[in-house]
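Have a look at the structure below, then the notes.
Rendered as structure tokens:
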């Protein structure tokens, strides 16, 4: 299985001495020649609760994040930000800019290269050619963008796969196509090197949209690759179900599913998606909005409540890291309260973050109320990710205006972070 794939991996990439370009709304960032990332899956970068901030990955020195269809680099120490384009005199306002990745749904850093997925029509010989979803690489300073591999057997033959984040783990890229989950070496040939991991090829293969394809959420922890699928139940509903894949043997086993009501109290028994989850060292940590933090030992199946979060906030959204369980308070809107926590995103608020340890111990309360005083139109904050002791989130101060009965949204989005140890809030970037 994957042993065969590993034998055709690309050679190690050279480390380069680089410098990033300037941008008026960010400080100048000199990316050091020690800028590197490893080939393991980055768990803490894969669970954003906001669509306003796109994909994100990190290195030892900084963070790469997609904002407003462009990739930016944030220096961890200073929080200075710059657009990731190595083209001199580039205006950074169209798809000729190397930082422009408007169709990106996956981003990772491995070795000394930044990788991302993108799908677009490429101009060739006076016409546009459709190559479907692909993996691209780019130097850490935004130079030398190139195609690494295809992720579709038929270009644009299964656009439903675009909604699933492909991941890279130890040199292997995992991706779905037409209902089947595949594994392929980074840089491999899809027709020669792709190996089917799980699933049955859909009858809709090659159609413009595959309605029957399962929607995967991909993960990796240690030597094991995981994938979450919303599995149909006998009563006609669906339930999030976690599977483990052993790359050495090719074996796939179901290891977890969303708990029933008799296990966690108030939570409905079927037809649910987990609000947030995180696999670390063979344990899945998960949050059920309105029903606290939990963990399950994937080897024994033992489920334990970690923290009663309802005494802080009845509803909320969570992100995790290898050290923290982070919870932002929020309130379901009147038209979405019934669906909140079972896949719906209809909620407002977010002025306090509650931080817990992996053992469920309460660590700190981080108020964000000063942001609401700073932005008169601020209505909500959404968690993005946690890196080290910094929790990143998006503050949405957008306003809808009306003229002659026509509504127009005036966007005002702000990437911020709050430090767990000091409580200091830093506004990093604003866009509209």
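Residue numbers (the working numbering): -6 to 425.
Yeah, the Cβ is synthetic: ideal placement off N, Cα and C, and Gly gets one too.
Taking the beta carbon of residue 270 as the centre, do at least 16 other beta carbons fall within 10 Å, making it buried, or is it exposed? For the purposes of this step, residue 270 is taken as residue 277 along the chain shown, with counting starting at 1. Burial call: buried.
Below 8 Å on the Cβ atoms is my contact criterion, and I expect residue 63 with residue 93 to pass it. Report the Cβ-Cβ distance as a whole number of Å. In the chain shown, the residue the question calls residue 63 occupies position 70. In the chain shown, the residue the question calls residue 93 occupies position 100. The pair is a contact, with the Cβ atoms about 6 Å apart (cut-off 8 Å).
N-terminal and C-terminal residue of the beta strand (DSSP E) that residue 417 is part of: As a position in the chain shown, residue 417 is number 424, starting the count at 1. From DSSP, residue 417 is part of no beta strand (DSSP E); its letter is neither H nor E.
Going by DSSP, what residue range makes up the alpha helix (DSSP H) through residue 363? For the purposes of this step, residue 363 is identified with residue 370 of the chain shown, where counting begins at 1. Per DSSP, residue 363 is one residue of the alpha helix (DSSP H) stretching across 362 to 367.
Note down, in chain order, each residue of its chain lying with its Cβ closer than 6 Å to the Cβ of residue 381, except the 5 sequence neighbours on either side. For the purposes of this step, residue 381 is taken as the residue at position 388 of the chain shown. In the same chain as residue 381, and ignoring 5 residues on each side of it, no C-beta atom comes closer than 6 Å to its own.
Residue nearest to residue 359 in terms of C-alpha spacing, selected from 416, 307 and 395: In the chain shown, counting from the first residue as 1, residue 359 sits at position 366. Closest by alpha carbon: 416.
In whole angstroms, give me the CA-to-CA distance for residue 206 and residue 160. Your numbering for residue 206 matches position 213 in the chain shown. Your numbering for residue 160 matches position 167 in the chain shown. The alpha-carbon atoms of residue 206 and residue 160 are separated by roughly 18 Å.
Is the beta carbon of residue 346 closer than 9 Å to that of residue 371? Here residue 371 corresponds to residue number 378 of the chain shown, with the count starting at 1. Here residue 346 corresponds to residue number 353 of the chain shown, with the count starting at 1. Not closer than 9 Å, so no.
Do residue 40 and residue 509 have their beta-carbon atoms positioned less than 9 Å apart in this structure? This structure does not reach residue 509, given that the chain is present from -6 up to 425, and the question cannot be answered.
Closest to residue 163 by CA distance: which of 223, 293, 277 and 104 is it? On the chain shown, residue 163 is found 170 positions in, with the first residue counted as 1. Checked all of 223, 293, 277 and 104; the closest Cα to residue 163 is 104.
Which full runs of the beta strand (DSSP E) of 3+ residues lie inside the segment 223 to 260, going along the chain? 231 to 238 and 245 to 250
For residue 162: DSSP bridge partner residues: The residue labelled residue 162 in the question sits at position 169 within the chain shown. Its beta-bridge partners are 165.
DSSP state of residue 52, grouped into three classes? Start at 1 with the first residue of the chain shown, and residue 52 comes out as number 59. Residue state, collapsed to three classes: coil.
May I ask you to report which of helix, strand or coil DSSP gives residue 143? Here residue 143 refers to the residue found at position 150 of the chain shown. Strand.
Could you tell me which uninterrupted beta strand (DSSP E) segments, each at least 3 residues in length, are contained entirely in the segment 50 to 116, listed from first to last along the chain? 55 to 60, 63 to 68, 74 to 76 and 100 to 103
Would DSSP call residue 303 helix, strand or coil? As a first step, residue 303 must be located in the chain shown, where it is residue number 310. Residue state, collapsed to three classes: helix.
Using 8 Å as the cut-off, can you tell me whether the segment 234 to 250 makes contact with the segment 178 to 187, which would need three or more C-beta pairs spanning the two stretches below that distance? Contact between the segment 234 to 250 and the segment 178 to 187 is absent, with fewer than three C-beta pairs closer than 8 Å.
Along the chain, where does the alpha helix (DSSP H) that runs through residue 186 open and close? On the chain shown, position 193 is the one that residue 186 refers to. 183 to 186 is the extent of the alpha helix (DSSP H) around residue 186.
Closest Cα partner of residue 387 within the set 50, 61 and 286: For the purposes of this step, residue 387 is taken as the residue at position 394 of the chain shown. Answer by Cα proximity: 61.
Hey, would you say residue 110 sits closer than 9 Å to residue 128, going by beta carbons? To locate residue 110, count along the chain shown from 1; it is residue 117. To locate residue 128, count along the chain shown from 1; it is residue 135. Against a cut-off of 9 Å, the Cβ pair of residue 128 and residue 110 comes out as a contact.
Decide if residue 145 is buried, meaning its Cβ has at least 16 other Cβ atoms within 10 Å, or exposed. What you label residue 145 is simply residue 152 of the chain shown in a count that begins at 1. Under this definition residue 145 is a buried residue.
Between 96, 54, 106 and 46, which lies nearest to residue 180 when the distance is taken from Cα to Cα? Position 187 of the chain shown holds residue 180. Among 96, 54, 106 and 46, the Cα nearest to that of residue 180 belongs to 106.
What does the alpha-carbon distance come out to for the pair residue 130 and residue 212? Start at 1 with the first residue of the chain shown, and residue 130 comes out as number 137. Start at 1 with the first residue of the chain shown, and residue 212 comes out as number 219. If I take the Cα positions, the gap works out to 21 Å.
Taking just the CA atoms, how far does residue 35 sit from residue 300? Counted from its first residue, the chain shown places residue 300 at position 307. Counted from its first residue, the chain shown places residue 35 at position 42. The C-alpha of residue 300 lies about 25 Å from the C-alpha of residue 35.
In angstroms, rounded to a whole number, what distance separates the CA positions of residue 229 and residue 75? Indexing the chain shown from 1 puts residue 229 at position 236. Indexing the chain shown from 1 puts residue 75 at position 82. Each residue's alpha carbon lies about 49 Å from the other.
Look up residue 286 in the DSSP assignment and give the residues it is bridged to. Taking the first residue of the chain shown as 1, we reach residue 286 at position 293. Paired residue(s): 280 and 300.
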